[in-house]
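Notes follow the structure.
Protein chains: 2
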Amino acid sequence: MNHAPTFCRVWAPATVANLNVGFDALGCALKAPGEFMEFRRVSQPGVHLVNGPNTALPLEVEANVAGKAAASLLHALGNPFGVEVTVTKSILPGSGIGSSAASAVAAVVGIDALAQAGMRRDELLPFALDGEAVASGARHTDNVAPALMGGMTLIDPQGKVCPLPVPTSWHLVVLHPQVVIKTAESRAVLPSQVPLSDAVNQAAWLGRFVHDVHSGNELEAMYVLEDLLVGPHRGALMPHWDACQTAAKEAGVRAGGISGSGPSSFWVCRSAEEASQVGRALQRVMSAQGMDHHLHVTAISSQGAHVVSQSH
Amino acid sequence: MNHAPTFCRVWAPATVANLNVGFDALGCALKAPGEFMEFRRVSQPGVHLVNGPNTALPLEVEANVAGKAAASLLHALGNPFGVEVTVTKSILPGSGIGSSAASAVAAVVGIDALAQAGMRRDELLPFALDGEAVASGARHTDNVAPALMGGMTLIDPQGKVCPLPVPTSWHLVVLHPQVVIKTAESRAVLPSQVPLSDAVNQAAWLGRFVHDVHSGNELEAMYVLEDLLVGPHRGALMPHWDACQTAAKEAGVRAGGISGSGPSSFWVCRSAEEASQVGRALQRVMSAQGMDHHLHVTAISSQGAHVVSQSH
């Protein structure tokens with residue numbers, strides 16, 4: 120263990136879940152935004168949380184996503200050392216782009232690195248989910264898996280993670296209006312029953328999407344981002360949703376929808392230029408409505424959370 | 120046109136639709152059973168139908184699946200000649216393994232060959248669907264596409280056909296109990312609404328199935344043949360269904376379900392030996408119940424309908 124690092128810095132990506140066509144099943148990692156988490160070995164056993172700049176999270180380990188994930192993995196490793204974890208949130212909580220998932224996966228990647236445990240990503244997943252459960256009350260994998268593994272992932276109903284080929288030609292715009300949509304509210308607007316025909320068609324759309332990305336039909340895959348089950352019910356919660364869709368379409372967007380349970384939205388474009396235009400169009404809508412917002416013009420990240428620097 | 124054939128013989132495969140995981144969307148062609156259709160140029164314009172051995176179909180062109188499909192394609196080609204079509208049904212109507220689809224696709228393949236039109240399979244599809252509509256009242260593609268193109272096909276809700284990689288290691292048993300389940304009855308047992316959670320999970324299962332066949336995970340693809348939407352409601356219509364499932368499982372089957380709208384069932388095995396065992400087990404159930412039946416121990420056919428012989 121002489122060469123084990125005493126410090127490391129981990130990057131973790133934001134993620135878009137659902138992607139219209141795969142409610143609770145599909146997600147992708149973004150190149151931006153992302154955030155950093157720092158890990159330092161300390162003499163005192165256990166996990167010790169510190170808030171970084173502009174961060175005000177609870178510092179009790181069991182009440183903190185990163186703390187819980189870190190403690191869960193440390194426990195599995197036999198608590199070989201104590202660690203100080205500095206959490207700096209750049210992916211804003213409540214934004215609908217996997218803020219808690221980023222914290223959860225950064226934590227397990229950092230602990231794995233400090234411990235030189237060499238665990239595979241699929242081995243780290245359950246410990247990250249222990250952290251995610253602190254935020255969402257459930258072991259939802261659709262943000263956690265792409266944040267940990269990178270790229271685009273499909274989660275089957277038993278939790279198995281399937282890494283899909285990444286549509287590298289896609290350019291994404293993510294718009295985050297500064298409003299709060301509670302996950303409970305976002306779930307409450309969903310019907311408990313849906314027409315059989317919608318269920319059958321939604322399955323076929325997801326099947327076709329998976330076929331398209333495997334076949335390298337990246338443009339066609341944009342056009343099959345259909346959502347018959349969820350989006351039609353949630354649109355009413357999204358600020359100025361109709362205006363956003365109209366503006367994005369006029370600017371040349373190929374597909375768009377609600378990221379996770381909102382309020383962020385994602386917009387799929389064929390080129391960086393198209394994405395810039397769509398981004399500007401969406402900003403004009405937000406500005407005209409006096410709505411504070413963040414905008415990210417980005418792409419799918421093939422890399423998930425990973426160590427960016429370490430020292431001994 | 121001196122070298123155009125004056126006679127040809129076409130083979131067309133039976134098909135299994137739905138395959139549990141893709142209701143109205145998924146289907147595959149079988150190596151057996153299949154059937155032959157013969158085409159002979161005649162001096163009298165139009166389509167002239169003849170029943171082959173053990174076949175008693177209506178001989179009016181518009182009331183006959185093969186006649187309608189042949190006439191539709193001949194019309195599109197400008198009615199260049201008259202043709203006598205001899206239809207011999209080996210895939211029994213009402214069996215639930217694509218009897219009408221086989222007739223429809225054989226007809227267009229035969230006319231295309233006699234006319235030396237050289238049409239692609241996707242170009243022939245709409246004419247085959249004209250024939251299929253005679254039988255089912257609708258342009259259902261889930262049997263027609265694999266019968267025409269071979270292999271395994273996914274149909275999206277807009278009718279686009281996606282050829283999936285064929286799981287060549289699969290061995291299939293098809294059991295056809297000699298009972299009649301009317302398609303209308305089979306549709307009537309389905310609920311108009313289903314739980315959102317079932318809809319979401321069914322989509323994820325189909326997505327995972329498509330991922331697995333594209334990834335060459337042929338064994339895993341067997342295990343994800345889940346059906347949350349349809350099978351649970353239709354099982355009651357299937358003769359001795361629980362006994363069949365129990366016997367097949369004891370004989371080592373990996374997955375099974377209702378073929379199309381029944382009464383045939385399909386059973387997926389890892390080897391020819393396993394398929395033989397499962398077939399014998401199912402036969403014992405049928406025999407113990409005094410139920411006449413046909414059994415086919417087969418595999419997925421990479422080839423769809425095609426010309427097997429021709430003369431000038």
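These protein sequence lines are chains A and B, in that order. The working numbering puts the first residue of the first sequence at 120, with every later residue one more than the last. The working numbering puts the first residue of the second sequence at 120, with every later residue one more than the last. Backbone N, C-alpha and C fix where the C-beta goes; we use that ideal spot for every residue, glycine too. Note that the structure is a prediction, hence the values are computed from the model and not measured.
Does residue i have its Cβ less than 7 Å from a Cβ in chain A?
i	result
residue 159 of chain B	no
residue 273 of chain B	yes
residue 263 of chain B	no
residue 335 of chain B	no
residue 344 of chain B	no
residue 338 of chain B	no
residue 138 of chain B	no
residue 348 of chain B	yes
By Cβ distance, which residues of its chain are closer than 7 Å to residue i, with the 5 residues on each side in sequence left out?
i	result
residue 411 of chain B	297
residue 188 of chain B	223, 226, 227, 246, 247, 249 and 250
residue 272 of chain A	146, 264, 265, 280, 281, 282 and 283
residue 148 of chain A	132, 134, 265, 266, 269, 270, 419, 420 and 423
Shorter than 7 Å from the beta carbon of residue i to some beta carbon of chain B?
i	result
residue 277 of chain A	no
residue 311 of chain A	yes
residue 143 of chain A	yes
residue 330 of chain A	yes
residue 352 of chain A	no
residue 323 of chain A	yes
residue 147 of chain A	no
residue 398 of chain A	no
residue 327 of chain A	yes
residue 281 of chain A	yes
residue 244 of chain A	no
residue 315 of chain A	yes
residue 120 of chain A	In this prediction, residue 120 of chain A has a pLDDT of 47, which is less than 50 and means its spatial position is unreliable; what the coordinates show is noted afterwards. No, its Cβ sits nowhere closer than 7 Å to a Cβ of chain B.
Tell me whether residue i is buried or exposed, calling it buried when 16 or more other Cβ atoms sit within 10 Å of its Cβ.
i	result
residue 431 of chain A	exposed
residue 173 of chain B	exposed
residue 406 of chain B	exposed
residue 361 of chain A	exposed
residue 162 of chain A	exposed
residue 290 of chain B	buried
residue 278 of chain A	exposed
residue 122 of chain A	exposed
residue 390 of chain B	exposed
residue 365 of chain B	exposed
residue 322 of chain B	buried
residue 303 of chain A	exposed
residue 381 of chain B	buried
residue 144 of chain A	buried
Output needed for residue i: all residues of its chain with C-beta closer than 8 Å, excluding positions within five of it in sequence on either side, in chain order.
i	result
residue 428 of chain B	127 and 128
residue 308 of chain A	352, 353, 355 and 356
residue 219 of chain B	184, 212, 250, 251, 253, 254, 255 and 262
residue 164 of chain A	198, 200 and 201
residue 169 of chain B	178, 203, 204, 205 and 206
residue 339 of chain A	331
residue 376 of chain A	137, 138, 139, 344, 346, 350, 384 and 385
residue 181 of chain B	187, 190 and 253
When the distance is taken between beta carbons, is residue j closer than 7 Å to residue i?
i	j	result
residue 158 of chain A	residue 244 of chain A	no
residue 285 of chain B	residue 341 of chain B	no
residue 400 of chain B	residue 370 of chain B	yes
residue 214 of chain A	residue 384 of chain A	no
residue 367 of chain A	residue 416 of chain A	no
residue 295 of chain B	residue 413 of chain B	yes
residue 229 of chain A	residue 205 of chain A	no
residue 359 of chain B	residue 404 of chain B	yes
residue 274 of chain B	residue 378 of chain B	no
residue 326 of chain A	residue 325 of chain B	yes
Tell me, please, whether the CB atom of residue i is closer than 7 Å to any CB atom in chain C?
i	result
residue 320 of chain A	Structure shown: chain C not included; protein chains present are A and B.
Got a sec? Which residues, its chain only, sit under 6 Å from residue i by beta carbon, not counting five neighbours each side?
i	result
residue 120 of chain A	In this predicted model, residue 120 of chain A has a pLDDT of only 47, less than 50, meaning its place in the structure is not dependable; the value taken from the coordinates is given anyway. Hits under 6 Å: none found.
residue 337 of chain A	286 and 288
residue 393 of chain B	371
residue 258 of chain A	248 and 252
residue 238 of chain B	231
residue 240 of chain B	267 and 268
residue 235 of chain A	123
Just checking, does the segment 218-231 of chain B make contact with the segment 129-144 of chain B on the three C-beta pairs under 8 Å criterion?
-> Three or more beta-carbon pairs drawn from the segment 218-231 of chain B and the segment 129-144 of chain B are found closer than 8 Å, and the two stretches are therefore classed as touching.
Taking 8 Å as the threshold, find out whether the segment 134-151 of chain A comes into contact with the segment 335-348 of chain A through three or more Cβ pairs.
-> yes
At a cut of 8 Å, does the segment 264-281 of chain A reach the segment 193-207 of chain A through at least three beta carbon pairs?
-> no
Three-pair Cβ contact test at 8 Å for the segment 411-427 of chain A versus the segment 320-334 of chain A = no
Touching by the beta-carbon criterion (3+ pairs, under 8 Å), the segment 145-154 of chain B and the segment 205-214 of chain B = yes
Taking 8 Å as the threshold, find out whether the segment 303-322 of chain B comes into contact with the segment 315-323 of chain A through three or more Cβ pairs.
-> yes
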